[in-house]
Amino acid sequence: MRPIALKLKNFGPFLDEYIDFTRVENNELFLISGKTGSGKTMIFDAIVYALFGEASTKDRKEGDLRSHFADNKQPMIVEFEFKLGAEHFYVERKGAYFKEGNTSKTSGSLEVYEHINGNYELRESKINAGNQLLRSLLGVNAEQFRQLFILPQGEFKRFLLSNSKDKQEILRTLFDSERFEEIQKLLADDVKEIRTNIEKNYAQLDNYWADLNSYDDNYLMEIKEMNVRQTDKLIDVLPEFENKGDALQLKLEEQQQLIANKVQNTQQKLEQNEQLQENLKKLEDQRNILKSLSQEDEHINELRNTLNEINEVKTLATFIDSKKSLIAKQQQNDTKMTQVTSKKDELAQKNTTLKEQLADVQKSKDTIETERKFVDKTRSFYQNIAKYHQAYDDHSKLKGQLEKANELLDKERTHQSNLKEQLTGDKPSYENLEALDSKIYKLDNQVNENKVKQENKNKYDNLTIKIATNKESLREAKEQLALLTSEYENIDKGQLQLNNKEEMIAQLQSVLTIGDTCPICGHEVDDLQQHINFDAILEKQQQLTQLDEQIQHYKTQQVQLETVLDQLNEQQQSFSTQDINIEDISQIEAQLYEQQQKRKELKNQIDDVNKLNEQYQKLIDYIHKLEIDIKSQQSAIKQNEIFINDFEHTTTFENTEDFRKDFENKHNNIAAYDKQIESIEQQITNNNNQYSIEENSHKYLTEQASELDRELSELELKINNEMSRIGFNDMEEVEQAIAKVDTKADIEQQIHNHDKNKQAAETLIKELESNTRNKEVSDLDALRQQLTNQQDELNEITTEVNQHSYKVKVNKQKIADIKTIVHTLNNELKTQQEVFQLAEVVSGKNPQKLTLENFVLIYYLERILAQANQRLSMMTSQRYQLKRRTQVSKGYSGLEIDVYDAYANQARHITSLSGGESFQASLALALGLSEVVQQEAGGIVLESMFIDEGFGTLDQETLETALDTLLSLKSSGRMVGIISHVSELKQRIPLILEVKTDQYQSSTQFKQQ
């Protein structure tokens, strides 16, 4: 990525600034220079903000980037044009802000353009999508961009000195190594889950093993004391439980079968004796029943004779019943015949009356038909009566409106002619107005310029006063410093070295005698008396300390005052004579007022003419509207006349209300006539239909009477023949015989029951005599007691067999489950062993105590250090190289950096480097990291780099070496920009981007040395 142009509006100290990076020729190094706080770093912030919506350092927020002097109605805008390989892009990003008068924040925006076929075409206009597009184009995120393109103040010294944990966070972001930590977590979770499953299986195995039934066998109980984790032994002993259970099961089943056989034999013997006892009782009962039935034989024979008589008279009774039925039918038929004849006569009379009514109504037929023709002809007028009524009402109104509209049109046309005459005169010129505006603009600028000059003059005068005040303060500080220095030098400083030596001298006096040799000076001691005034020495020492503190205070004050004077002088010198040369503002303001008044008069004249033009145009539009309205009214009158003529010609009425009443009267007459005719005709039709029905009924009844007479004659003949056959002389005898017919069914049932019961008793007696012959009944109570005892014994053994069978079944299921779990455990332990080992290794349980992520980060750090050492060795004359500390510690380790000193042939802590050496190491590390991140980020071509570091900590020789390193970057094809205050850089770097400030806004300018 190579910058082409940067435009800033309301961004930091830049209210409206444009930086053209094309001034930097290919492979050229340039310096960004300016006062502290002028906004040098803000240039980097603007580039990063345009591309990512963030500042060049994490500490700055978006809200901190907006200028404090910006107009509250204007947004913060950064426009950045850059080259990416052979492609050109243009980005415009607006920051969110609170617009003056609004309570809610105005949203920001982002637009990304690509240069295609000579024009910039919009690629994206949404913030999120635009950010994603820029990240994909650049191939890096904001954090990586800061590391690759911008080396901010102090960032890499902190990285150089940071511990493993801090480096891990930085390298993790750059190389996306969190995925390795995720692998570690996934492995740990898998192992934890596997271990949990294995423990669950062991717990379940323990439960199954504990639940195995030992059948109260001592050997099996001893086996159950075995640890379930000895799965191989566990499998070997499981058959013992199965064999023991099966053997006990077989023994119990044999005992159960023996007792079951005994119960079966006793049960059979008891049932046989009970059946014999019951058969003997039944035999006695059946013999008594047969005796009783034999006594009823004589009565049954009498019933058989009566039944024969009933069967002889049955046919004659049927003939007599049929005769009675035919006589009843004849009576019913005669009654219906009388009713039908009466109904026919009534219907014939009614039909005659209806025909007479119809003839009377039809006398008015001609009149009704005439009215019907009129109604059919005028029906459409009646249906639309409201329309024709409205036409009569509107006709007179429209004529009145038309007359008024014509009068108003004549009046407005007269007004139009008057306005046209007023507009034909002289018109004021817009050119004159523009000329006045130009004069006013120039005069207004002169007034504003003089006001700015007045402000500059005020500032200049204030600076003059401050300079004079500070010069006086500096003179007084120098005089006071000279007095204190003279006083300090005049104090006798002899014997001051004996201060705080009083105790030592006392110890020496206590061990020496006159004539001894002094251990300090080597002379012979001739006097041991106290001759040194330690209090005076202490007082003099305190006086010197106080004077020294005062001297340092005034020296500091002198430096501060000199610095302030230099700044004030520099600020005062920034004002040129032109900046503070003020013209006569009152004269310019008088000219401005005069021109403004002329403009006001001219503007009023133009406004008046415009108003007349506007009135004239509105009048033309109004006249056109009136003409259209008049034509519309004329058309409506013509249409109404057509409606009225059509109505009067067809209906012969000149009034809609009279027509309506006449139409409705005729329509009602027609409806009443039609309804009356239809009603009479319908009655005649219904009457005729009913008469036909009654005629058919009379014919049917006549035929039925003849048929009934014939059937009755034939039936009487049959009755007489049957009486003669049977031997009856009269009907009385017949009726007595017929009376017995009703008892036939009862007699037949009595005879049938007697015969059936007697036959059944005789058959059952023969069967029972055969079954009980030569047999005796045993003691049933004894047999029942014996069976009860045997069944109790069988129930006990059956319960025991079932319980044992259930135990064996449960044991076999438990054994199968145990085998399954053991098989599962063996497979899991075998297959998951490698996973356990891998999880321990990647989690840091290895000799180096390195996690997988730290191992990967060490690999990247080694590559970074290799790249950094190529430049650090050159900058330090092959003395220093950065080296990764390999000692294993308790916490995070492996990412600390030491420095290897070739002169001392040993490694030492990185903090032992001096300030300049630390800068060299930081710069080398930053460039190394930039190279490695570039390689890992998909081969991003770094066509530019900006460095914001402290070159001021370097001596002349080291500075030259650092510059040579940066010049090597330039020769590799990169645009390299450096922020620094070091004057030597201005001599070595010919192109300077100078950032100037006037306390509230800054500007930039490229300068060629």
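Residue numbers (my numbering): 388 to 1396. Idealized CB from N, CA, C, for every residue including glycine. Here the structure is a predicted model, which means the values were calculated and not measured.
Nearest to Q654 by alpha-carbon distance, out of Q726, R1171 and S961, is R1171. Residue environment: P1377 is assigned as exposed (fewer than 16 neighbouring CB atoms within 10 Å of its CB, all protein chains considered). Contact annotation: the segment 502-513 touches the segment 460-477, with at least three C-beta pairs closer than 8 Å. N550 sits in coil when the DSSP states are folded into three classes, being neither helix nor strand.
Considering only L1350, L680, E1371 and A1124, the residue with the shortest C-alpha distance to V1363 is L1350. One Cα belongs to K853, the other to S420, and the distance between them is close to 28 Å.
At a Cβ-Cβ threshold of 9 Å, I434 and S425 do not count as neighbours. Less than 9 Å separates the beta-carbon of N1198 from that of N600. Under a 10 Å Cβ-count criterion, L645 is classified as exposed, with fewer than 16 other Cβ atoms of the shown protein chains found around its own Cβ. Burial check for F439: the Cβ neighbour count within 10 Å reaches 16 or more, so the residue is buried. Secondary structure note for M1262: its alpha helix (DSSP H) is the uninterrupted segment L1239 to M1262.
Per DSSP, R759 is not a residue of any beta strand (DSSP E); the alpha helix (DSSP H) it occupies stretches across K752 to Q770.
When F467, V1229 and N1241 are compared, the shortest CA-CA separation from E556 is found for N1241. Its Cα nearest to that of A778, the residue N1042 stands out among E1304, K1053, F417 and N1042.
In the pairwise beta carbon analysis, the segment 1155-1165 is classified as not touching the segment 589-597: fewer than three pairs are separated by under 8 Å.
One thing to note: L789 has its Cβ within 9 Å of the Cβ of I1024.
By the CB criterion at 9 Å, A1308 and Y1247 fall outside the cutoff.
The beta carbons of F401 and S1264 sit about 42 Å from each other, so the pair does not count as a contact at 8 Å.
Beta-bridge analysis with DSSP links G1364 to F417 and F1333. Spatial neighbours of D403 in its own chain (CB-CB distance under 7 Å, excluding positions within 5 residues in sequence) are listed in chain order as K396.
Residue nearest to A392 within the set V411, F398 and G399 is V411 (criterion: CA-CA distance). If you ignore the 5 residues before and after F1034, its C-beta comes within less than 7 Å of the C-beta of F768 and Y775, all in its own chain and listed in chain order. Between the beta-carbon of Q959 and that of Y847 there is about 6 Å, and that keeps the pair under the 8 Å contact cut.
In the three-state scheme derived from DSSP, where H, G and I count as helix and E and B as strand, L599 is classed as coil. Secondary structure at T725: helix, using DSSP grouped into helix, strand and coil. Under the 8 Å Cβ criterion, the segment 1198-1211 counts as touching the segment 595-610, having at least three qualifying pairs. In the DSSP annotation of this structure, the continuous segment of the alpha helix (DSSP H) that includes N1158 starts and ends at K1131 to T1159.
Along the length of the segment 401-467, whole alpha helix (DSSP H) runs at least 4 residues long occupy 427-439 and 449-452, reported in chain order. Residues of the same chain with a CB within less than 8 Å of the CB of V727, apart from the 5 flanking positions on each side, are E1081, S1084, H1085 and L1088 in chain order.
By the neighbour-count definition (other C-beta atoms within 10 Å, threshold 16), Y484 is a buried residue. Taking the C-beta atoms as reference points, A437 is found nearer than 9 Å to F467. Beta-bridge pairing by DSSP links E1381 to S420 and Q1392. With a 10 Å radius around the Cβ and a threshold of 16 neighbouring Cβ atoms, E842 comes out exposed.
By the neighbour-count definition (other C-beta atoms within 10 Å, threshold 16), G399 is a buried residue.
Between I1064 and F1050, the alpha-carbon positions lie close to 21 Å from each other. A straight line joining the alpha-carbon of I878 with that of L868 spans about 16 Å.
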